[in-house]
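Chains A and B, in that order, are what the protein sequence lines are. Positions in the first sequence are counted from 1; adding 29 to them yields our numbering. Positions in the second sequence are counted from 1; adding 989 to them yields our numbering. Below: one structure, written as structure tokens.
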Amino acid sequence: MAEIKKAKIDVSDGALIPEKEDKGAFSAWRISFFGALALIVLLPIVSPDPFWRILKFLPDGVLRTFQVTVMSIVLSLVVGLFTGLGRISRIRAVNRIATVYVEVIRGIPLLVQLFYIYYAMGKIVQVPRITAAVTAMTVCYGAYMGEIFRAGIQSISKGQMEAALALGLTRTQAMWKVILPQTFKVILPPVGNEFIALLKDSSLVSILAVSDLLRRGREFASRTFYYFETYTIVALVYLVMTLFFSRLVALMEERLDKRER
Amino acid sequence: MSDRIRIRNASKHFGTLEAVRNASFSVAKGEVVLVIGPSGSGKSTLLRCVNRLENLTSGEIYIDEDCVTDPHADIRKIREEVGMVFQSFNLFPHLSALGNIILAPRTVKKMERHEAEELGRALLERVGLADKISAYPDQLSGGQQQRVAIARALAMNPKVMLFDEPTSALDPEMIKEVLDVMVDLAREGMTMLVVSHEMGFARAAAHKVVFMDNGEVIETGHPDIIFKTPREERTQRFLDHIL
């Protein structure tokens, strides 16, 4: 597991975060984003049936998708923080537990984890589908977030910890007051990327009959048999969302860079 | 004369590399001791053992009555009283100059904010940076950063200050501003252990010079004697290189 230390961490399959140079009128991002947006607007105008009906049917699903994504990302950040701290802990048992967690979770497909947690939890208590979905996403993404936190913490120069210890801070105080505040800045881009990846992966929860964007599309299509048209719109809506957030992440990154100067 | 720092038969091995071999010397209260020697001679390693950023392989280091090298010693408590200044400054980049200085008093000593800020302001004034109170490290020159780092260490009111090549990372025109602060500190009676090759500082402030080579203390003496008439040939050879 020897990884080369670097300040910029790249561990994700979220989305292509636009580069700063990528700013022309015909950048790949602009073509995709505005192209998708134009199709979403134009198709219902050109042929309201079925496109306008599809579009009216989907907003509930978009909201549910957001709900699952935001809840999962917030919880996985918390899990990831403690997993990352565990991964660098000097206490052997803690270190092992965190590492095993990461290894196990990264080795099981998210879809399998979803089934597993839903039916495993169902054996003990009947939980709402959405709780099972968010739990599974959190458990899964917590492991990836843990690796991001670990890499972020390790990217902070050793001198920072030494300076804090030399002043009389405890290791824990140094971690919370000196190392982690610097880590948050470093991990913002990969966390943004994970957010986008999670947004896409949240479509898997439709398998538990959580009525997210994909599920809503499926419901509409199976009722009306407009499969092609419905999934076109569903795909375009996902695309617009992920491209929107990838731009947002890029902007936040830029702003952080500027504030540093 | 009462010793503030006593280093007794200190050895430090990194694997098979003997970075420090059987080094012994002491620093009296109010004394300024300069450690010189070629790079790789173990002087920085030895200094880092004094506040246990590194652990000695064998030997003892005492600060007053406290045995630093005792595994049961409350090293955190001892570190409160031992200020350290690093070659690469190691200021906290997410905090302003004032924020850097008040972090430890606030966190470790639980000092009230206004009290800590007053202290921070006074210290920044002392190192000549009263106008940089809210500047962030990356807005400061190397010399200014190092002066903030000295102020930060002083904020814990230490009884000993360690300097690990404090001017080696600085452009020549900034060295003087840092040395001036260090000389002032020495004149005020601070006990200082300094790893550096700055002859200007040695002449102005050092009471004693320790020459190390290859992990060993070769000779110890008054700066005038070490620099002008060293006993050991190795010392002479080293001085020929740097003077």
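Even glycine gets a Cβ: it sits at the ideal position worked out from N, Cα and C.
Asked: C-alpha gap between E1166/B and A193/A, whole angstroms; Found: 24 Å
Asked: Backbone secondary structure at S991/B - three-state DSSP; Found: coil
Asked: Sequence-distant residues of the same chain with beta carbon closer than 8 Å to L217/A, five excluded per side; Found: V278, M281, E282 and L285
Asked: Proximal residues to T1058/B (C-beta, below 6 Å), its chain only, five neighbours per side dropped; Found: L1045, E1049 and I1050
Asked: For L139/A, the three-state DSSP class (helix, strand or coil); Found: helix
Asked: Paired residues, beta bridge with H1002/B - DSSP; Found: E1007/B
Asked: At least three beta-carbon pairs within less than 8 Å, the region 1011 to 1028 of chain B to the region 1193 to 1202 of chain B; Found: yes
Asked: Cross-strand partners of Y173/A (DSSP beta bridge); Found: DSSP, once it has assigned bridges, lists no residue as partnering Y173/A.
Asked: Cβ pair T1180/B, M1145/B closer than 9 Å; Found: no
Asked: Beta carbon proximity, E1161/B to chain A, threshold 9 Å; Found: Reading off the sequence shown, one finds Pro at residue 1161/B, where the question assumed Glu. P1161/B does not count as touching chain A.
Asked: Classification of G1004/B by the beta-carbon crowding that lies within 10 angstroms, buried from 16 upward; Found: exposed
Asked: Exposed unless 16 or more other CB atoms sit within 10 angstroms - verdict on S105/A; Found: buried
Asked: Supposed close pair F249/A, T259/A - CB separation, criterion 8 Å; Found: 5 Å
Asked: Among F111/A, S275/A and V163/A, nearest to M174/A - alpha-carbon criterion; Found: F111/A
Asked: Per DSSP, cross-strand counterpart(s) of R997/B; Found: E1049/B
Asked: Interface flag, P1082/B vs chain A, CB-CB below 9 Å; Found: yes
Asked: Straight-line Cα distance separating F1190/B from F1152/B; Found: 12 Å
Asked: DSSP three-state assignment for A31/A, whether helix, strand or coil; Found: Because the pLDDT of A31/A is 45, which lies under 50, any placement of that residue in the model is unreliable, and the question is left without a value.
Asked: CB contact below 9 Å: S184/A versus chain B; Found: no
Asked: Length of the line joining the Cα atoms of G1031/B and R997/B; Found: 15 Å
Asked: Test: T1209/B CB closer than 9 Å to a CB of chain A; Found: no
Asked: Any C-beta of chain A under 9 Å from that of V1097/B; Found: yes
Asked: CB contact check: V207/A to chain B, cutoff 9 Å; Found: yes
Asked: Beta-carbon neighbours of G109/A, restricted to chain B and to distances below 7 Å; Found: None at all; the shortest Cβ gap to chain B is about 20 Å.
Asked: Enclosing beta strand (DSSP E) for M1073/B [first to last residue]; Found: V1071 to V1074
Asked: Short Cβ contact (9 Å threshold) for D943/B with P1094/B; Found: Since the first and last residues shown for chain B are 990 and 1232, residue 943/B lies out of range.
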